[in-house]
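Input: a single structure, listed below in structure tokens.
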Amino acid sequence: MKYWILLCRVTGAAIVLCSLLLASNSLAQQNPNVGLTNPQLQALDQFLDSHPQISADLKKNPGLVNDASYLKNHAALADFLRKHPQIRQEISQNPGAIMKQVKGQEGQEIRPTEVRAFNDFLDLHPAIANDLRKDPMLGVNGGYLQSHAELSNFFRSHPAVYAEYSRDPAAFMSADRALETREQGGVGPQPHMQAALRHLKEAKKELESAGQDKGGHRRNAISLTDKAEAEVEAGMQYAIQHAQKD
Numbered sequence: 226m227k228y229w230i231l232l233c234r235v236t237g238a239a240i241v242l243c244s245l246l247l248a249s250n251s252l253a254q255q256n257p258n259v260g261l262t263n264p265q266l267q268a269l270d271q272f273l274d275s276h277p278q279i280s281a282d283l284k285k286n287p288g289l290v291n292d293a294s295y296l297k298n299h300a301a302l303a304d305f306l307r308k309h310p311q312i313r314q315e316i317s318q319n320p321g322a323i324m325k326q327v328k329g330q331e332g333q334e335i336r337p338t339e340v341r342a343f344n345d346f347l348d349l350h351p352a353i354a355n356d357l358r359k360d361p362m363l364g365v366n367g368g369y370l371q372s373h374a375e376l377s378n379f380f381r382s383h384p385a386v387y388a389e390y391s392r393d394p395a396a397f398m399s400a401d402r403a404l405e406t407r408e409q410g411g412v413g414p415q416p417h418m419q420a421a422l423r424h425l426k427e428a429k430k431e432l433e434s435a436g437q438d439k440g441g442h443r444r445n446a447i448s449l450t451d452k453a454e455a456e457v458e459a460g461m462q463y464a465i466q467h468a469q470k471d
């Protein structure tokens with residue numbers, strides 16, 4: 226009798242365990258745990274953009290990432306996965322879902338409102354602008370953000386901009402360059418005029434932060450700064466209209 230009771234208990238436990246495993250497997254199939262972060266997804270997307278044949282192959286058959294023969298014949302992919310172990314782990318476990326994620330990212334458009342806001346920020350921070358235009362991935366690099374509080378604070382106060390930027394830094398900065406080109410009317414950058422405008426804006430902020438009016442001179446200085454900003458902007462617009470370089 227004890228034997229049968231024990232057998233029933235063991236059998237019941239086995240049934241429950243199997244049910245849990247089946248349920249877990251079903252949930253995994255329905256909701257794959259795609260663990261790539263935006264920077265990782267961007268790195269993979271950039272690699273695929275620079276290797277169109279591999280990109281085409283993986284979009285047709287994502288399982289090729291686990292094909293030893295394919296990896297042997299495509300050293301660039303093997304090397305990329307070796308250098309990015311987390312990406313390798315995720316795409317090896319769920320290649321189809323990862324490639325869908327890449328495809329989904331390609332189909333999303335960057336909103337001009339966010340590009341405009343970021344472009345205005347970069348105009349006031351030329352060193353950061355220069356860094357990001359050389360290497361867009363710095364904008365999602367924790368170490369860079371930590372050492373550039375202005376950028377970190379801007380992203381924190383503009384979450385929509387950061388969401389767009391982090392989704393595809395290279396594409397976002399490409400949109401920024403396109404905006405710059407449109408505004409410059411094809412005449413190229415005007416670094417001296419832009420620097421003058423930036424310094425005037427910074428000077429106005431300092432004047433506005435002063436505690437006393439200094440006999441009315443502070444107020445007059447703010448008014449003159451506003452006029453100077455307007456003249457610089459008018460000059461930049463004139464250069465665009467008449468194709469004059471800085």
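In the numbering used here, the protein residues as written are 226 to 471. Even for Gly, the Cβ is constructed at its ideal location relative to N, Cα and C. In this text the structure is predicted, and so the values were computed from the model without any measurement.
Exercise for review: In the DSSP assignment, find the unbroken alpha helix (DSSP H) run with ARG307 in it and report its ends.
Suggested key: That run of the alpha helix (DSSP H) goes 300-308.
Check your understanding: Quick one: what does DSSP say THR406 is sitting in, helix, strand or coil?
Key -> In the three-state reduction of the DSSP assignment, THR406 falls in the helix class.
Check your understanding: For PRO320 versus ASN291, is the C-beta spacing smaller than 8 Å?
Key -> Yes.
Point to revise | Buried/exposed call for GLY364, threshold 16 Cβ in 10 Å | key: The residue is buried, with at least 16 neighbouring Cβ atoms inside 10 Å.
Check your understanding: Taking the C-alpha atoms as reference points, what is the distance between GLN278 and MET362?
Key -> It is roughly 24 Å from the alpha-carbon of GLN278 to the alpha-carbon of MET362.
Check your understanding: With contact counted as at least three CB pairs below 8 Å, one residue from each stretch, are the region 438-448 and the region 372-383 in contact?
Key -> Output reads no: the region 372-383 does not touch the region 438-448.
Check your understanding: What does a CB cutoff of less than 6 Å around PHE379 pick up in its chain, not counting 5 residues either side in sequence?
Key -> Cβ within range, chain order: PHE346.
Exercise for review: May I ask you to report which of helix, strand or coil DSSP gives MET461?
Suggested key: Helix.
Practice item. Report yes if the CB atom of ILE312 is closer than 8 Å to the CB atom of GLN371, and no otherwise. Key: For the pair ILE312 and GLN371, the CB atoms are not nearer than the 8 Å cut-off.
Review point. Over what stretch of residues does the alpha helix (DSSP H) that includes GLY367 continue unbroken?
Key: Per DSSP, GLY367 belongs to the alpha helix (DSSP H) from 367-372.
Review point. Should PRO394 be labelled buried (16 or more other beta-carbon atoms within 10 Å of its own) or exposed?
Key: The residue in question, PRO394, is buried, as its Cβ has 16 or more Cβ neighbours within 10 Å.
**Study point:** Cβ-Cβ distance between ASP348 and ARG423 below 8 Å
**Key:** Cβ distance < 8 Å, so ASP348 and ARG423 count as in contact.
Review point. Under a Cβ-count criterion, where at least 16 other Cβ atoms within 10 Å of its own Cβ denotes burial, should GLN314 be classed as buried or exposed?
Key: Exposed.
Review point. Per DSSP, what kind of secondary structure is ARG262 in: helix, strand or coil?
Key: Inspection of the sequence shows that residue 262 is occupied by Thr rather than by Arg. Coil at THR262, not helix or strand.
Exercise for review: Kindly indicate the opening and closing residues of the alpha helix (DSSP H) around ALA421.
Suggested key: 416-434 is the extent of the alpha helix (DSSP H) around ALA421.
**Study point:** Check whether GLU431 and GLU389 have beta carbons under 8 Å apart
**Key:** With a cutoff of 8 Å on beta-carbon distance, GLU431 and GLU389 are scored as not near each other.
Check your understanding: DSSP on ASN378, reduced to helix/strand/coil?
Key -> Helix.
Review point. Taking C-alpha atoms, which residue in ALA453, ASP270, GLU433 and ARG336 lies nearest to LYS325?
Key: Relative to LYS325, the option among ALA453, ASP270, GLU433 and ARG336 whose CA is nearest is ASP270.
Point to revise | Pairwise C-alpha distance: THR450 and ALA428 | key: Take the alpha-carbon of ALA428 and the one of THR450: they are about 8 Å apart.
**Study point:** HIS442 (DSSP reduced to helix, strand or coil)
**Key:** Three-state DSSP puts HIS442 in a helix.
Practice item. Select from ARG402, ALA421 and GLN318 the residue whose C-alpha is nearest the C-alpha of ILE459. Key: The identity of residue 459 in the sequence shown is Ala, whereas the question assumes Ile. Here the closest residue by C-alpha is ALA421.
Exercise for review: Express the C-alpha separation of ALA293 and LEU404 in angstroms, rounding to a whole number.
Suggested key: Near 44 Å, if we compare the C-alpha coordinates of ALA293 and LEU404.
Check your understanding: Among SER399, LEU306, LYS426 and PRO384, which residue has its Cα nearest to the Cα of ALA354?
Key -> Checking every option, the nearest Cα to that of ALA354 belongs to SER399.
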